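Everything below concerns the one structure shown next.
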Amino acid sequence: MRSLTRVAIALAVLSSIQSLARPASCAQDAKETGTITGRVLVDGKAVQGMIVMAIPLESDPVSRGKRMLNPSTFRMAATDSDGRYRLEGVPTGKYSVAPFAPALVNADGASEKAELATVSEGATVERVDFSLSRGGVITGKVTDSEGHPVIAAEISWKPVDPSQPRDSGGRSDGRMYFTDDRGIYRIFDLGPGRYIISAGTSRDHHFGMGLRRTGKVQTYYPGFTDEAKAKPVEVATGTEVSGVDIKFGAPDKRFAVSGRVIDAETRTPIANTIVGYSARERESGPDKRDDGEDSGATTTNERGEFRFEALLPGNYKAEADSIGRLTGVGAFYADPIDFEVGSANVDKLEIKTHLGASITGVVVVEHSKGGAALDNLASFRLVASYTGTDDEDDSWSNVASGGSFRIGGLKPGKAKIGSGPYAAQKFSVLRTERNGVEQPDGIDIQPNEQITGVRVIVARANCVIRGHVTIQGGPLPIDRSTRDPVALEAVARPLNVPRGDSYKRVPVDANGDFVIENLTPGDYEVDVAGNYLNESFYKKHIASTKQTVSVAGESPAQVALVVDVRAKEPDK
């Protein structure tokens with residue numbers, strides 16, 4: 052919420068600089084608005100001209116985005132000579148109130164400066180006060196193994212005490228800190244405490260790989276890649292700690308890996324093939340790397356050759372796949388190979404491919420008479436997934452307008468056909484038949500077998516669930532990582548549909564309403580969950596009722612759910 056406050060204030064300043072000098076006004080009826088008042092002190096003294104803003108709280112991310120881009124929905128005022136402010140004409144609702152004070156922290160050491168306020172018609176919310184002090188500063192220089200300054204190195208921090216509030220990613224206020232052209236960084240707005248400082252991370256995957264390949268792996272002050280060896284930096288209120296310099300170590304030696312993809316029988320090179328490598332899992336410890344560095348992909352040239360640069364020593368797996376598999380016209384599958392990188396380059400690897408089996412058939416819409424349903428199948432996608440194994444090499448096929456399909460590049464085994472889990476599928480697979488016989492456990496596939504006579508029976512996914520969520524036990528708690536109220540999502544889990552159909556989840560709007568569409572007729576369990584970013588936080592603080600509902604036809608099913616707020620504040 053602190054970063055939201057800053058962006059919101061910046062937008063408001065750009066849109067109306069004059070509003071900073073006077074209390075906010077609103078064209079709404081006074082009966083529909085209220086007032087917020089309070090006082091701001093810095094080091095115990097009144098401060099004049101401090102901007103205080105009230106930002107409406109929105110649980111729906113889309114609504115929050117609209118608020119951010121419309122500063123007229125915010126209420127803003129400046130403090131007078133006694134440090135007092137008055138926000139008038141505030142529409143009824145819940146607000147986050149905060150002063151714009153980038154270099155200040157709460158006098159009690161907490162990093163969050165926002166306060167929550169609920170405005171009622173014609174009422175005044177009083178004593179929304181703020182007692183601030185100047186935050187601490189940590190500054191230093193980042194250099195490489197030869198002592199040269201490192202430019203644009205990303206800096207992260209986190210408190211030693213896990214109970215001390217921190218922002219996700221370790222960046223105060225959601226800001227990203229980088230070194231300048233001298234390799235110098237400066238972190239400000241820190242509450243009192245002990246901090247771990249590191250350099251070399253990056254939110255951009257490709258840029259991060261580049262840093263690691265030049266030896267700039269995440270390094271903790273003063274120069275350790277193991278966080279357990281990091282030296283904590285202690286900061287007091289209003290103080291600056293300088294000389295917190297970080298030195299990167301020498302780059303790890305890396306090696307090239309090359310080879311080719313060939314047909315297993317004819318040894319003919321296979322051009323334009325996707326080749327990927329991934330590191331075998333390591334045990335926990337300093338050698339464990341789980342940041343995505345140990346994986347990569349490329350394509351073969353006209354001679355079937357591939358090459359990867361800069362792999363660290365270790366054990367890897369290489370795989371190849373047909374580009375056509377991504378578009379439903381795959382022709383082969385490949386045997387994965389294991390290889391080890393030691394103290395030299397690796398070459399002459401061979402990945403062998405085999406002509407894949409295929410499944411050809413037609414999709415039939417159950418209880419359909421005309422051709423309109425077949426025309427709608429043009430955007431439908433089928434996926435053949437292997438059953439009874441951990442194999443994730445699914446094969447895809449788009450369905451032609453007449454209902455025909457062909458899934459190629461299949462391995463021997465047993466595969467079950469379902470609808471693709473991505474996008475809004477308008478149909479769902481009910482059953483699959485081969486030569487008139489239902490295949491409930493999947494279709495047996497022999498090497499290079501060309502399977503025909505398959506019928507995939509689907510049903511229209513045109514059912515809808517409408518629902519309303521009631522909050523009990525208080526307001527939604529604030530998610531510490533975002534400083535916003537927990538975002539809610541309604542989830543419909545199918546109880547009687549095949550594996551190919553994943554469950555549906557949609558956001559709950561500010562009024563507690565939601566609509567779940569594109570459902571196949573059947574039974575569903577519906578409840579409310581937190582969004583992907585705060586799922587674990589949600590489970591800890593909120594409980595939701597569940598409801599089983601049957602949907603059929605185009606008449607929406609109605610559900611009513613209750614969310615019980617068990618804790619008003621995190622970790623209490």
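In the working numbering, each residue's number is its place in the sequence shown (first place is 1) plus 51.
Glycine included, every Cβ here is placed at the ideal spot set by N, Cα and C.
Since we're looking at a predicted model, the values are computed, not measured.
N366: first and last residue of the uninterrupted beta strand (DSSP E) it sits in:
In the sequence shown, counting from the first residue as 1, residue 366 sits at position 315. For N366, the enclosing beta strand (DSSP E) stretches over residues 365–373.
Could you check the C-alpha separation between E360 and T324 for me, to the nearest Å?
To locate residue 360, count along the sequence shown from 1; it is residue 309. To locate residue 324, count along the sequence shown from 1; it is residue 273. Rounded to whole angstroms, E360 to T324 spans 18 Å at the Cα level.
Taking the C-alpha atoms as reference points, what is the distance between M104 and F125?
As a first step, residue 104 must be located in the sequence shown, where it is residue number 53. As a first step, residue 125 must be located in the sequence shown, where it is residue number 74. Roughly 7 Å separates the two Cα atoms.
Can you check DSSP and say which residues form a bridge with G321?
Working through the sequence shown from its first residue, we reach residue 321 at position 270. One point to set straight first is that residue 321 is Ile, not Gly, in the sequence displayed. As computed with DSSP, I321 is found in no beta bridge at all.
In three-state DSSP terms, what is L428?
Numbered from its first residue, the sequence shown carries residue 428 at position 377. L428: helix per DSSP, three-state reduction.
I'd like the span of the beta strand (DSSP E) that includes M127, first residue to last.
Taking the first residue of the sequence shown as 1, we reach residue 127 at position 76. Taken as a continuous stretch (DSSP letters only), the beta strand (DSSP E) holding M127 covers 126–129.
Among I238, Q99, D303, S249, which residue has its Cα nearest to the Cα of G289?
Here residue 289 corresponds to residue number 238 of the sequence shown, with the count starting at 1. When the alpha-carbon of G289 is set against those of I238, Q99, D303, S249, the nearest one is in I238.
Given P302 as reference, the closest of E177, G464, D195, G355 once Cα atoms are compared
Within the sequence shown, residue 302 is the residue found at index 251, counting from 1. The shortest CA-to-CA distance from P302 to any of E177, G464, D195, G355 is the one to D195.
DSSP state of E500, grouped into three classes?
Against the sequence shown, residue 500 aligns to sequence position 449. Coil at E500, not helix or strand.
Just to confirm, is the Cβ distance from V21 to A541 under 9 Å?
An answer regarding residue 21 cannot be provided, because it is not within the stretch 52 to 623 covered by the chain.
Please identify the residue among V559, T571, S606, G525 whose C-alpha is closest to the C-alpha of R544.
One-based indexing of the sequence shown puts residue 544 at position 493. Ranking V559, T571, S606, G525 by Cα distance to R544 puts T571 first.
Interface flag, A466 vs chain C, CB-CB below 9 Å:
In the structure shown, chain C cannot be found, because there is only a single protein chain.
So for Y353, helix, strand or coil by DSSP?
For this step, residue 353 is matched to residue 302 along the sequence shown. The residue you asked about is not Tyr; residue 353 is Glu in the sequence shown. Of the three classes helix, strand and coil, the one that applies to E353 here is coil, per DSSP.
Rounded straight-line distance, which links the Cα of V602 to that of S455
On the sequence shown, position 404 is the one that residue 455 refers to. On the sequence shown, position 551 is the one that residue 602 refers to. Roughly 29 Å separates the two Cα atoms.
Please classify R53: does DSSP put it in a helix, a strand, or coil?
Locating residue 53 in the sequence shown gives position 2, where the first residue counts as 1. Unreliable positioning characterises R53 in this predicted model, as indicated by a pLDDT of 43, which lies under 50. A coordinate reading is not provided.
Quick one: what's R135 bridged to in DSSP?
Here residue 135 refers to the residue found at position 84 when the sequence shown is read from its first residue. R90.
Where do the N-terminal and C-terminal ends of the beta strand (DSSP E) with T190 fall, by residue?
What you label residue 190 is simply residue 139 of the sequence shown in a count that begins at 1. Segment 187–194, the beta strand (DSSP E) holding T190.
Please classify P150 as buried or exposed, where buried requires at least 16 neighbouring CB atoms within 10 angstroms.
Against the sequence shown, residue 150 aligns to sequence position 99. P150 comes out buried.
Express the C-alpha separation of G134 and V148 in angstroms, rounding to a whole number.
Here the question's residue 148 lines up with position 97 in the sequence shown. Here the question's residue 134 lines up with position 83 in the sequence shown. Rounded to whole angstroms, V148 to G134 spans 15 Å at the Cα level.
Would you kindly report the start and end of the unbroken beta strand (DSSP E) that includes L400?
The residue labelled residue 400 in the question sits at position 349 within the sequence shown. 397–406 is the extent of the beta strand (DSSP E) around L400.
For T169 versus I235, is the C-beta spacing smaller than 9 Å?
Taking the sequence shown and counting its residues from 1, one reaches residue 169 at position 118. Taking the sequence shown and counting its residues from 1, one reaches residue 235 at position 184. The Cβ atoms of T169 and I235 do not sit closer than 9 Å to each other.
Cβ atoms of D232 and I202: under 9 Å apart, would you say?
Indexing the sequence shown from 1 puts residue 202 at position 151. Indexing the sequence shown from 1 puts residue 232 at position 181. Yes. Within cutoff.
CA-CA distance, V295 and V284?
Start at 1 with the first residue of the sequence shown, and residue 295 comes out as number 244. Start at 1 with the first residue of the sequence shown, and residue 284 comes out as number 233. In a straight line, the C-alpha of V295 is about 8 Å away from that of V284.
DSSP on A250, reduced to helix/strand/coil?
As a first step, residue 250 is located in the sequence shown; it is residue number 199 there, counting from the start. Annotated three-state conformation of A250 is strand, per DSSP.
Which class does A279 belong to by DSSP, given the choice of helix, strand or coil?
As a position in the sequence shown, residue 279 is number 228, starting the count at 1. Looking at A279 - three-state DSSP - the assignment turns out to be helix.
Any heavy atom of the ligand MN closer than 8 Å to the beta-carbon of K399?
This structure lacks the ligand MN; in fact it carries no ligand of any kind.
Would the segment 175–192 and the segment 240–251 be scored as touching if the rule is three or more Cβ pairs under 8 Å?
Contact between the segment 175–192 and the segment 240–251 is present, with at least three C-beta pairs closer than 8 Å.
Can you look up E417 in the DSSP assignment and give me helix, strand or coil?
To locate residue 417, count along the sequence shown from 1; it is residue 366. In this structure, E417 counts as coil in the three-state DSSP scheme.
When burial is assigned at 16 or more other CB atoms within 10 Å of the CB, is R511 buried or exposed?
One-based indexing of the sequence shown puts residue 511 at position 460. With a threshold of 16 other beta carbon atoms within 10 Å, R511 meets it and is buried.
Helix, strand or coil at E316 [DSSP, three-state]:
The count along the sequence shown starts at 1 and reaches residue 316 at position 265. In this structure, E316 counts as coil in the three-state DSSP scheme.
Return the first residue and the last residue of the beta strand (DSSP E) that M104 is part of.
For the purposes of this step, residue 104 is identified with residue 53 of the sequence shown, where counting begins at 1. Counted as a single uninterrupted DSSP element, the beta strand (DSSP E) harbouring M104 occupies residues 102–107.
I think T230 touches V193, with their Cβ atoms under 8 Å apart; what is that distance to the nearest whole Å?
On the sequence shown, position 179 is the one that residue 230 refers to. On the sequence shown, position 142 is the one that residue 193 refers to. About 5 Å separates the two Cβ atoms, so the contact holds.
Assess, as a yes-or-no matter, whether the segment 386–394 is touched by the segment 407–421 under the definition of 3 or more beta carbon pairs within less than 8 Å.
With a cut-off of 8 Å, the segment 386–394 and the segment 407–421 do not count as touching, because too few Cβ pairs lie within range.
DSSP three-state assignment for E285, whether helix, strand or coil
Here the question's residue 285 lines up with position 234 in the sequence shown. Correct three-state label for E285: strand.
Other residues of its chain near I402: CB distance less than 8 Å, five sequence neighbours each side excluded
As a first step, residue 402 is located in the sequence shown; it is residue number 351 there, counting from the start. Correct list, in chain order: G310, R311, V312, I313, V326, A369, E370, A371, A385, D386, P387, I388.
Would DSSP call E360 helix, strand or coil?
In the sequence shown, the residue the question calls residue 360 occupies position 309. Three-state DSSP puts E360 in a strand.
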